[in-house]
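Quick note, the sequence shown lines up with residues 0 to 291 if you use numbering that gives the first Met the number 0. For each residue, glycine too, the CB sits at the ideal point set by N, CA and C. This one's a predicted model, so the numbers in the text were calculated from it and none came from an experiment.
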Amino acid sequence: MSEAPPPPNHPADYVPPKVWSWNKENGGRFANINRPIAGPTSEKVLPVGKHPFQLYSLGTPNGVKVTIMFEELLALGHKGAEYDAWLINIGSGDQFSSGFVEINPNSKIPALMDRSGPQPIRIFESGAILLHLAEKFGAFLPTEPAKRAEVLSWLMWQMGSAPYLGGGFGHFYAYAPFKIEYAIDRFAMEVKRQLDVLDRRLAESEYLGGADYSIADIAVWPWYGFLAKGLAYESGEFLDVKSYKHVQRWTAQINERPAVKRGSIVNRAGDGNLPERHDASDFDNVGQKAAE
Ligand SMILES: N[C@@H](CCC(=O)N[C@@H](CS)C(=O)NCC(=O)O)C(=O)O
0 MSEAPPPPNH
10 PADYVPPKVW
20 SWNKENGGRF
30 ANINRPIAGP
40 TSEKVLPVGK
50 HPFQLYSLGT
60 PNGVKVTIMF
70 EELLALGHKG
80 AEYDAWLINI
90 GSGDQFSSGF
100 VEINPNSKIP
110 ALMDRSGPQP
120 IRIFESGAIL
130 LHLAEKFGAF
140 LPTEPAKRAE
150 VLSWLMWQMG
160 SAPYLGGGFG
170 HFYAYAPFKI
180 EYAIDRFAME
190 VKRQLDVLDR
200 RLAESEYLGG
210 ADYSIADIAV
220 WPWYGFLAKG
230 LAYESGEFLD
240 VKSYKHVQRW
250 TAQINERPAV
260 KRGSIVNRAG
270 DGNLPERHDA
280 SDFDNVGQKA
290 AE
């Protein structure tokens, strides 16, 4: 029987050593996949399907941004946005395979290959993927400079802010091996500030970028809409998410979009979900849920 690793020092007792070293047993959820080095750990060629876009992803908030975008493009009638969505199980370390690292040297989902042109193009970072698709199809991103700047500002806001929500608040509130009041206080304050930023914007504007739904909403909704519904880190009551009325209005509005419903179940395991998506008809096989 293997012994449990010793608990980390009490935060107040910790004195950092001169040189940091990797303690694989430092606990916390995801300790098995976190590591201080980049690069592949196994050889694997990724599968390639029949469609112009090959997505390698998982249905996390960062992953569903992209599947929602594809479903929105298809709903608009852009047939060229057909995609194969392959499951990357980050809990099993699929993101460290040689094939995945060739597409994303940062080993994180989502990663996309655009095979629609003469040379395949790799794109990583969900914000870059949304921008690539928006420009390619001329959709969900205004061309008028002031409107475009507003959408891009909120898109980049999401990319910069969500790590405080997930890696900061979520980690210390839900995943760390023990509760540290200082860390939870610091990140709860920041996440509430972020919710207030969104609430004030959504009080004056129907969508984040302005009057029209855009890639800014597609990027922000999976993180902050999920949070507003009380579904992230079981923190709804703790953060009093219901008090952000305009975020609640916007969350409910986007939730109703059929493409959002479809995109939200892709690359997820379990009943009512689609672990992989290779054809629009795949949604028929998961029953009514996606079509409702
Ligand atoms: N800034 C990146 C973040 C991507 C990211 O953090 N992906 C997580 C899942 S949501 C992941 O792949 N984690 C695996 C790992 O860290 O090994 C993006 O928006 O694409």
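Check, Outcome
"Sequence-distant residues of the same chain with beta carbon closer than 7 Å to Trp-153, five excluded per side", "Leu-207, Gly-208, Ala-215 and Val-219"
"Nearest-angstrom Cα separation, counted from Lys-244 out to Glu-205", "13 Å"
"Best match in Phe-136, Ser-96 and Gln-252 for proximity to Ser-41 [C-alpha to C-alpha]", "Ser-96"
"Ala-127 burial status per 10 Å Cβ neighbour count (16 or more: buried)", "exposed"
"Cα-Cα separation between Ser-56 and Ile-87, rounded to whole angstroms", "5 Å"
"Secondary structure of Ser-96, DSSP reduced to three states", "strand"
"Closer than 8 Å to chain B by CB, Gly-79", "Included in the structure is just one protein chain, with no chain B present."
"Spatial distance of Tyr-174 from Thr-66 (CA atoms)", "26 Å"
"Check: Gly-295 C-beta below 7 Å from any heavy atom of ligand 1", "With the chain covering only 0 through 291, there is no way to say anything about residue 295."
"Where the beta strand (DSSP E) containing Trp-85 begins and where it ends", "82-86"
"Those residues which DSSP pairs with Ile-122 across a bridge", "Leu-111"
"Start-end ranges of the alpha helix (DSSP H) lying completely within the region 125-196, minimum 4 residues", "125-136 and 144-162"
"Where Ala-268 falls, given that 16 or more other Cβ within 10 Å makes a residue buried", "exposed"
"For Ser-56, three-class secondary structure by DSSP", "strand"
"Glu-124 to Gly-79 span [Cα, whole Å]", "21 Å"
"Close beta carbons around Ile-253, own chain, < 8 Å, minus the five adjacent residues each side", "Tyr-212, Asp-216, Trp-220, Gly-224 and Val-259"
"Ligand 1 heavy atom lying under 7 Å from the CB of Ile-67", "no"
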